[in-house]
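Visitor:
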């Protein structure tokens with residue numbers, strides 16, 4: 297049922313996002329969260345070229361409904377990680393962990409990463425928030441605040457999502473574990 301509702305709402309909400317971001321310009325299409333880490337809305341083919349110019353080489357696509365401009369990514373030598381998640385829901389823990397590892401891998405090589413969903417508000421915010429929790433050792437609340445500072449229209453309570461709380465607990469357990477058990 298969620299899938300059907302998300303599919304029915306895809307086009308109207310995409311038009312709304314395009315109106316706010318591209319035509320009225322009241323929202324940025326993407327925002328930089330940290331050095332080499334951007335969050336935003338689904339990239340069109342022309343966006344891939346602009347993102348590449350910013351140093352982005354990795355894309356985390358959380359859209360179940362949108363594969364992205366894959367041919368353009370290939371031409372530009374960009375790699376996309378798909379973690380297909382139904383709109384208006386959160387990615388599962390395994391997908392969040394894969395996405396966070398992907399971001400860390402690209403950042404360790406000095407390459408940028410763009411994390412997106414349809415609007416850059418919910419699914420992608422979940423992934424970026426968890427990355428901030430791990431990489432910057434922030435609490436979920438502090439990571440949420442950081443996201444709201446750079447992208448004010450992210451869902452304001454992403455930090456309360458069960459997957460975020462699960463991720464936080466796992467990180468807390470790992471951070472406090474003795475060296476021999478890591």
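In this note's numbering, the protein residues as written are 297 to 478.
Quick reminder that beta carbons are idealized off the backbone N, C-alpha and C, glycines included.
Below 8 Å, can you find three or more Cβ-Cβ pairs linking the segment 385-394 to the segment 324-343?
Guide: As far as the Cβ criterion goes, the segment 385-394 does not touch the segment 324-343, which means the pair count is below three.
Visitor: Just to confirm the assignment, what range does the beta strand (DSSP E) spanning residue 330 have?
Guide: Position 34 of the chain shown, counted from the start, is the residue given in the question as residue 330. Segment 326-330, the beta strand (DSSP E) holding residue 330.
Visitor: So, using beta-carbon positions, are residue 379 and residue 425 closer together than 8 Å?
Guide: What you label residue 379 is simply residue 83 of the chain shown in a count that begins at 1. What you label residue 425 is simply residue 129 of the chain shown in a count that begins at 1. Cβ atoms of residue 379 and residue 425: not closer than 8 Å.
Visitor: Does the Cβ-Cβ distance between residue 446 and residue 329 come in under 8 Å?
Guide: As a first step, residue 446 must be located in the chain shown, where it is residue number 150. As a first step, residue 329 must be located in the chain shown, where it is residue number 33. Yes, they are a contact pair.
Visitor: Count the other CB atoms, across all protein chains shown, that sit within 10 Å of the CB of residue 457; report buried if there are 16 or more and exposed otherwise.
Guide: What you label residue 457 is simply residue 161 of the chain shown in a count that begins at 1. The residue is buried, with at least 16 neighbouring Cβ atoms inside 10 Å.
Visitor: Beta-carbon within less than 6 Å of residue 427's beta-carbon, same chain only, minus the 5 sequence neighbours each way: which residues are those?
Guide: Within the chain shown, the letter at position 131 stands for residue 427. Within the same chain, residue 427 has close Cβ partners 396 and 399.
Visitor: If distances are taken between C-alpha atoms only, which option among 434, 449, 448 and 444 comes closest to residue 461?
Guide: As a first step, residue 461 is located in the chain shown; it is residue number 165 there, counting from the start. The residue with the shortest Cα to Cα distance from residue 461 is 434.
Visitor: May I ask you to list the residues that DSSP assigns as paired with residue 354?
Guide: Here residue 354 corresponds to residue number 58 of the chain shown, with the count starting at 1. Beta-bridge pairing links residue 354 to 375 and 409.
Visitor: Expressed to the nearest angstrom, what Euclidean distance is found between the alpha-carbon atoms of residue 463 and residue 354?
Guide: The residue given as residue 463 occupies position 167 in the chain shown. The residue given as residue 354 occupies position 58 in the chain shown. So the two alpha carbons sit approximately 22 Å from each other.
Visitor: With the cut-off set at 8 Å, would you say residue 409 and residue 417 are in Cβ contact?
Guide: Stepping through the chain shown from its first residue, residue 409 is reached at position 113. Stepping through the chain shown from its first residue, residue 417 is reached at position 121. No. Outside cutoff.
Visitor: Does DSSP put residue 476 in a helix, a strand or coil?
Guide: Here residue 476 is taken as the residue at index 180 of the chain shown, counted from 1. Any reading at residue 476 must be qualified, since the residue scores a pLDDT of 48, below 50, and its modelled position is unreliable; no value is offered.
Visitor: Roughly how far, in whole angstroms, is the beta-carbon of residue 361 from the beta-carbon of residue 383, given that I think they are within contact range, below 8 Å?
Guide: Working through the chain shown from its first residue, we reach residue 361 at position 65. Working through the chain shown from its first residue, we reach residue 383 at position 87. Contact flag correct, Cβ pair sits at about 6 Å.
Visitor: Along the chain, where does the beta strand (DSSP E) that runs through residue 335 open and close?
Guide: Taking the first residue of the chain shown as position 1, residue 335 is located at position 39. 333-336 is the extent of the beta strand (DSSP E) around residue 335.
Visitor: With a 10 Å radius around its C-beta and 16 neighbouring C-beta atoms as the bar for buried, classify residue 350 as buried or exposed.
Guide: The residue labelled residue 350 in the question sits at position 54 within the chain shown. Exposed, by the Cβ-count rule.
Visitor: Near residue 467, what residues of its chain come up, given a Cβ to Cβ distance below 8 Å and the 5 sequence neighbours on each side ignored?
Guide: Taking the first residue of the chain shown as position 1, residue 467 is located at position 171. Cβ neighbours of residue 467 beyond the five flanking positions: 429 and 430.
Visitor: Going by CA-CA distance only, name the one from 411, 373 and 371 that's closest to residue 356.
Guide: Within the chain shown, numbered from 1, the residue matching residue 356 stands at position 60. If we check each option's Cα against that of residue 356, 411 comes out closest.
Visitor: Once the 5 residues before and after residue 451 are set aside, which same chain residues still bring their CB inside 8 Å of it?
Guide: On the chain shown, residue 451 is found 155 positions in, with the first residue counted as 1. Cβ within range, chain order: 417, 418 and 421.
Visitor: In terms of residue numbering, what span does the alpha helix (DSSP H) encompassing residue 400 cover?
Guide: The count along the chain shown starts at 1 and reaches residue 400 at position 104. Here the alpha helix (DSSP H) through residue 400 covers 389-404.
Visitor: So residue 387 and residue 358 are supposed to be a Cβ contact under 8 Å. How far apart are they, rounded?
Guide: Position 91 of the chain shown, counted from the start, is the residue given in the question as residue 387. Position 62 of the chain shown, counted from the start, is the residue given in the question as residue 358. So it is a contact: roughly 6 Å between Cβ atoms.
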